[in-house]
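Heads up, the thing below is written out as structure tokens.
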Amino acid sequence: MGPEDEPLLSGSLSDSQTLSRAGATVSVDPEQAASVTEATVDNGPSVTCRVCDNEIPLEGRTMNHVVRCGRCNEATPIRAAPPGKKYVRCPCHCLLICKASSSRIACPRENCRRVITLGPSGPVGTAIRAPAGTCRVQCCECQEIFMFNTLSNTAANCPHCRTSSSVGTRYKRTRALIHFIFVALFLSLSIGFTVSWIHSSTHGIAFIITTVVFYICAAIFFYKFVYYLRMKVSQVLAGTMSKVVLSEVNGYDGVVAKLEGRDAKTNPAVIYYCGDRTDGKSWCPDCVRSDEILTEVLEEIEEKKLLNRDIELITCFVGDRPTWKDPEHPARHNGITSIPTFVRYGGRTVSDPDVTAENIPEQKQALKVGPSTVPRQ
Numbered sequence: 002m003g004p005e006d007e008p009l010l011s012g013s014l015s016d017s018q019t020l021s022r023a024g025a026t027v028s029v030d031p032e033q034a035a036s037v038t039e040a041t042v043d044n045g046p047s048v049t050c051r052v053c054d055n056e057i058p059l060e061g062r063t064m065n066h067v068v069r070c071g072r073c074n075e076a077t078p079i080r081a082a083p084p085g086k087k088y089v090r091c092p093c094h095c096l097l098i099c100k101a102s103s104s105r106i107a108c109p110r111e112n113c114r115r116v117i118t119l120g121p122s123g124p125v126g127t128a129i130r131a132p133a134g135t136c137r138v139q140c141c142e143c144q145e146i147f148m149f150n151t152l153s154n155t156a157a158n159c160p161h162c163r164t165s166s167s168v169g170t171r172y173k174r175t176r177a178l179i180h181f182i183f184v185a186l187f188l189s190l191s192i193g194f195t196v197s198w199i200h201s202s203t204h205g206i207a208f209i210i211t212t213v214v215f216y217i218c219a220a221i222f223f224y225k226f227v228y229y230l231r232m233k234v235s236q237v238l239a240g241t242m243s244k245v246v247l248s249e250v251n252g253y254d255g256v257v258a259k260l261e262g263r264d265a266k267t268n269p270a271v272i273y274y275c276g277d278r279t280d281g282k283s284w285c286p287d288c289v290r291s292d293e294i295l296t297e298v299l300e301e302i303e304e305k306k307l308l309n310r311d312i313e314l315i316t317c318f319v320g321d322r323p324t325w326k327d328p329e330h331p332a333r334h335n336g337i338t339s340i341p342t343f344v345r346y347g348g349r350t351v352s353d354p355d356v357t358a359e360n361i362p363e364q365k366q367a368l369k370v371g372p373s374t375v376p377r378q
């Protein structure tokens with residue numbers, strides 16, 4: 002199985018190791034395989050996306066366990082999970098596959114990282130936000146992945162092979178240094194007491210017992226020093242899951258609805274305003290050129306993994322030419338005066354009282370790129 006570049010198509014996610022902080026709970030059901038629509042004369046077999054209800058063609062992919070939607074970029078299962086596995090869909094729409102016996106799994110997306118707890122009495126579970134410092138760790142012994150809180154300042158115990166390891170080298174080095182200092186301290190005291198005992202015959206039994214205790218302490222700390230010095234190191238997995246999530250809306254009202262309640266700091270988005278497309282091409286010449294550049298940029302981002310978190314690209318179709326030229330167009334009243342235009346949503350959520358549909362594009366943290374930056378053919 003290849004590297005874990007996708008949440009579902011890689012190996013299974015392990016049980017979570019820490020769940021110390023409570024959060025808002027959301028009911029989650031294990032995902033079942035979607036029903037496949039039989040092929041017709043005009044269309045091949047298809048399946049309805051479980052996230053956006055888009056029809057996904059299955060031509061050439063009927064043997065896959067899951068298919069990815071071209072609109073929302075989320076996965077939908079079309080076959081039952083492999084033996085001993087089950088599907089679970091996170092509230093962020095990420096489809097996960099885990100062991101059938103798992104009671105807790107973690108979403109790998111950097112902007113989500115919920116820990117989903119599946120109740121033992123039934124399929125319904127709860128999803129909570131993982132505590133600060135929680136990250137995905139690959140075991141140095143069995144190479145399985147599990148969740149660990151790096152702020153706990155303890156050794157990581159793999160839930161699969163029970164191996165105790167240091168997450169990164171800092172923990173083992175710090176512990177080894179502390180125990181070495183205690184070794185030097187107790188060894189110095191032991192040698193000092195021994196020299197004093199050799200050169201004097203007035204010391205009683207208590208002095209001898211103290212000297213022996215110091216030697217024992219020095220031996221114990223030396224053992225712990227060697228233990229931490231030889232401790233294996235597990236590695237924190239970087240955010241290789243990050244990607245651009247594509248979605249489409251019609252009209253400015255669709256953008257407002259899409260951004261409703263969104264926190265731009267944890268769930269960033271870029272809105273791409275362009276003209277309606279016919280046969281795959283926009284009526285706006287600048288938008289046609291912009292689409293080509295955008296495709297190249299997205300391919301470069303995916304190939305070089307330039308993102309450290311998921312970001313959503315929302316394509317907003319403003320309408321046909323007469324609709325867009327109408328001076329009363331809602332987007333024109335809200336700061337979008339030309340297309341193509343890119344607006345980076347940031348700062349506040351639409352649900353805030355002082356943020357309305359009228360001032361979303363006018364936020365100070367918004368970034369606008371007009372058609373003047375798009376080379377003409």
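If you're matching positions, the sequence shown starts at 2 in our numbering and goes up one per residue. Where a beta carbon is used, it is the ideal one built from N, C-alpha and C, also for glycine.
Residue environment, residue i, which counts as buried when at least 16 other CB atoms sit within 10 Å
{"i": "residue 292", "result": "buried"}
{"i": "residue 213", "result": "exposed"}
{"i": "residue 47", "result": "buried"}
{"i": "residue 83", "result": "exposed"}
{"i": "residue 109", "result": "buried"}
{"i": "residue 77", "result": "buried"}
{"i": "residue 328", "result": "exposed"}
{"i": "residue 89", "result": "buried"}
{"i": "residue 180", "result": "buried"}
{"i": "residue 87", "result": "buried"}
{"i": "residue 322", "result": "exposed"}
{"i": "residue 224", "result": "exposed"}
{"i": "residue 201", "result": "exposed"}
{"i": "residue 103", "result": "buried"}
Residue i in three-state terms, based on DSSP
{"i": "residue 340", "result": "coil"}
{"i": "residue 313", "result": "strand"}
{"i": "residue 278", "result": "strand"}
{"i": "residue 58", "result": "strand"}
{"i": "residue 89", "result": "strand"}
{"i": "residue 197", "result": "helix"}
{"i": "residue 100", "result": "strand"}
{"i": "residue 107", "result": "strand"}
{"i": "residue 260", "result": "coil"}
{"i": "residue 227", "result": "helix"}
{"i": "residue 213", "result": "helix"}
{"i": "residue 95", "result": "coil"}
{"i": "residue 354", "result": "Reliability fails at residue 354, whose pLDDT of 42 lies under 50, so the model's placement of it is uncertain and the value that follows must be treated cautiously. Three-state result, residue 354: coil."}
{"i": "residue 138", "result": "strand"}
{"i": "residue 118", "result": "strand"}
Separation of residue j from residue i, as counted between CA atoms
{"i": "residue 236", "j": "residue 280", "result": "48 Å"}
{"i": "residue 263", "j": "residue 106", "result": "24 Å"}
{"i": "residue 270", "j": "residue 226", "result": "49 Å"}
{"i": "residue 221", "j": "residue 189", "result": "15 Å"}
{"i": "residue 49", "j": "residue 173", "result": "51 Å"}
{"i": "residue 147", "j": "residue 100", "result": "13 Å"}
{"i": "residue 247", "j": "residue 260", "result": "14 Å"}
{"i": "residue 340", "j": "residue 297", "result": "19 Å"}
{"i": "residue 156", "j": "residue 168", "result": "7 Å"}
{"i": "residue 268", "j": "residue 345", "result": "12 Å"}
{"i": "residue 171", "j": "residue 210", "result": "37 Å"}
{"i": "residue 81", "j": "residue 330", "result": "47 Å"}
Beta-carbon spacing of residue i, residue j below 8 Å
{"i": "residue 325", "j": "residue 252", "result": "no"}
{"i": "residue 118", "j": "residue 136", "result": "no"}
{"i": "residue 75", "j": "residue 96", "result": "yes"}
{"i": "residue 229", "j": "residue 343", "result": "no"}
{"i": "residue 93", "j": "residue 113", "result": "yes"}
{"i": "residue 219", "j": "residue 191", "result": "yes"}
{"i": "residue 233", "j": "residue 153", "result": "no"}
{"i": "residue 79", "j": "residue 67", "result": "yes"}
{"i": "residue 256", "j": "residue 312", "result": "no"}
{"i": "residue 72", "j": "residue 53", "result": "yes"}
{"i": "residue 250", "j": "residue 299", "result": "no"}
{"i": "residue 295", "j": "residue 139", "result": "no"}
{"i": "residue 194", "j": "residue 215", "result": "yes"}
Those residues which DSSP pairs with residue i across a bridge
{"i": "residue 271", "result": "314, 345"}
{"i": "residue 157", "result": "166"}
{"i": "residue 77", "result": "68"}
{"i": "residue 234", "result": "167"}
{"i": "residue 248", "result": "315"}
Residue-chain proximity (residue i, chain D), Cβ-Cβ < 8 Å
{"i": "residue 139", "result": "Of the protein chains in this structure there is only one, and it is not chain D."}
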